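Quick notes on the structure that follows.
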Amino acid sequence: MTSFLDAITPEELHADPYPIYQRLRRDHPVAEIPALGCWLVTRWQDVRQVMSHSQTFTTSFPSAMSEIYGSENILSGSGDNHKGMRASVEELFEPECAGRARGYARKLVIERVSGMHGQADLMGEVLQPVVAEVFRWMLSLEVDSTTLLRLAQDLWQGALGSGDPAKLAVAAAAVNELDAALTPWFEGLGPDPSSAIARWRHINPGRVCPRGVAEVLPTIRVILPSLPEPGWAAGSLLVALFNDPDQRRLVRDHPELLGDAVHEVLRWMPPFGLVERMTTRPVKLGGTYLPAGAHVLAAIGSANRDETVFEQPDAFDLRRRRQPLVTFGYGEHACLVRAFIPAIVEGLVAGILDVHPGVRADPSEQPRLAGWAARYTERLCVDGLGDSADRATALGPPG
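Quick note, my numbering runs 4 ahead of the 1-based positions in the sequence shown.
Right, here's the structure in full:
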């Protein structure tokens, strides 16, 4: 008789991992899944432990990601070398600057959607192109945003491809194109206080200055695949509001609650669903013994729906009391852009609802969320753009 663990397939997880996660949390919180060839960790506390204890759960091991990004990247590093590398990069993403990213995203969205009427695919026509331009602006990169988005998507496919040679080849080609585009520009980049990359290159306390191309490019490769995530999260938030008129009305009447809605969607439907680690020694996790060298996937999406932490976790509820999430990680490998992604998501959604408060899902093509390593709707087809009747009823009181 086939056991529950033996029956789990990548295809089922891609379609909808949440029913599987629920049963795993209850019966097998740390489980070896034959079809995945790894251990899957699903409870909040255990996922946090995997993320926080890097000496036991390391990122330094051969993987598709290290092949794509290069072995000397900020994700794969550890110890003093990693601390120095991370300290130098974090100045690019100071939380105090997140508000500027929010404002810029909102401005770009308003410019893009103001002339739209009727139907559109918000994901392809608005959200992803705007996020690409925001990232280009944040990093002061001399690459057009359309190219940047394409390269980010190619890198994502390689990282999520589970070693698929075809997807790794696409990602490798993206790395080569990115490096070829950025290297001449970077080598000629002098001190410029208005450029984030220039400041990073020329301010290097206690080390060789300016930083060389070989030190900077691997980190840009690591940051770039996070580019699609704010657009995916904004799409999931719009889907949640389309499906719940009461909560949509709440955001309309109290726009200050949009930040709570963003926090909730990053719990309910985090765009990036897994972190990958390897054990450096035998360890007991969630009552289960793992050997040294165990390949571990910590399920962010599952941890954020742990019934022991969140009430009615499968429901999207922006009125939920804010609690810590594992969405952006913990410890030395916490997400570099953890302050920026929520800010950009808020700017994207605010811009759309400011201009088109009557926007709604296109009934002829309902959004479909899919994926588990990354979960999002590939298309977000809407109707009602510029609909004056909907606009009048949706606006409500000013403010």
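Even glycine gets a Cβ: it sits at the ideal position worked out from N, Cα and C. In this text the structure is predicted, and so the values were computed from the model without any measurement.
Counting the other Cβ atoms within 10 Å of the Cβ of Glu233 gives 16 or more, which makes it buried. With at least 16 other beta carbons inside 10 angstroms of its own, Pro275 counts as buried.
One thing to note: Arg47 has its Cβ within 9 Å of the Cβ of Ala307.
The C-beta of Thr283 has 16 or more other C-beta atoms within 10 Å across all chains shown, which makes the residue buried. The beta carbon of Met120 sits closer than 7 Å to those of Leu389, Gly390, all from its chain and outside the five residues before and after it, given in chain order. Out of Gly194, Leu231, Val117, Leu172, the CA that lies nearest to the CA of Gly216 is found in Gly194. Only residues of its own chain outside the window of five on either side were considered, and among them Arg205, His206 have a CB closer than 6 Å to the CB of Pro214, listed in chain order. When the Cα atoms are used, Pro259 and Ala105 turn out to be separated by approximately 18 Å. In this chain, the alpha helix (DSSP H) harbouring Arg253 covers 249 to 257.
Straight across, the Cα-Cα distance linking Phe61 with Met55 is about 7 Å. Given a length threshold of 4 residues, each whole run of the alpha helix (DSSP H) inside the segment 333 to 392 is given here in chain order: 344 to 359.
Secondary structure note for Gln49: it is in no beta strand (DSSP E), and the uninterrupted alpha helix (DSSP H) holding it is 48 to 56.
Annotation for His121: no alpha helix (DSSP H) segment contains it, and DSSP assigns it neither H nor E.
In its chain, beyond the 5 residues on either side, Ile356, Val386, Gly388, Leu389 have a beta carbon closer than 7 Å to the beta carbon of Val363. Inter-segment contact for the segment 341 to 361 and the segment 101 to 115 is present: three or more beta-carbon pairs are separated by less than 8 Å. Listed in chain order, the non-local C-beta contacts of Pro38 below 6 Å within the same chain comprise Asp10, local neighbours out to five positions each way being set aside. Comparing alpha-carbon positions, the option among Ala124, Asp310, Ala265, Arg203 lying closest to Arg383 turns out to be Ala124.
In the DSSP assignment, Lys288 is bridged to Tyr293. Look at His206 here: in three-state DSSP terms it is helix.
Looking at Val179, Gly239, Val349, the one whose alpha-carbon comes closest to that of Gln370 is Gly239. Leu40 and Val300 have their C-alpha atoms spaced approximately 10 Å apart. For a cut-off of 8 Å, the C-beta gap from Leu145 to Ile201 is around 7 Å, short enough to register as a contact.
Its Cα nearest to that of Leu143, the residue Glu94 stands out among Ala170, Arg271, Val117, Glu94. When Cβ pairs closer than 8 Å are counted between the two stretches, the segment 339 to 353 is seen to touch the segment 220 to 237, the count reaching three or more. Counting every other CB atom within 10 Å of its CB across the protein chains shown gives Tyr293 a total below 16, marking it as exposed. Boundaries around Val243 are those of the alpha helix (DSSP H), 233 to 246, since no beta strand (DSSP E) includes it.
DSSP, reduced to helix, strand and coil, places Met142 within a helical segment of the structure shown. Approximately 6 Å separates the beta-carbon atoms of Leu221 and Asp183; this is inside 8 Å, confirming the contact. Arg325: not part of any alpha helix (DSSP H); DSSP gives it neither H nor E.
Note on Thr223: 16 or more other CB atoms within 10 angstroms of its CB, so buried under the neighbour-count rule.
In this structure, the beta-carbon distance from Ala244 to Val269 falls below 9 Å.
When the beta-carbon positions are compared, Gly290 and Pro33 come within less than 9 Å of each other. Under the DSSP definition of a beta bridge, Leu301 partners with Leu44, Glu280.
Assigned with DSSP and collapsed to three states, Ile37 falls in strand.
Judged by DSSP in its simplified three-state form, Phe61 adopts strand.
By the 16-neighbour rule on beta-carbons within 10 angstroms, Lys288 is exposed.
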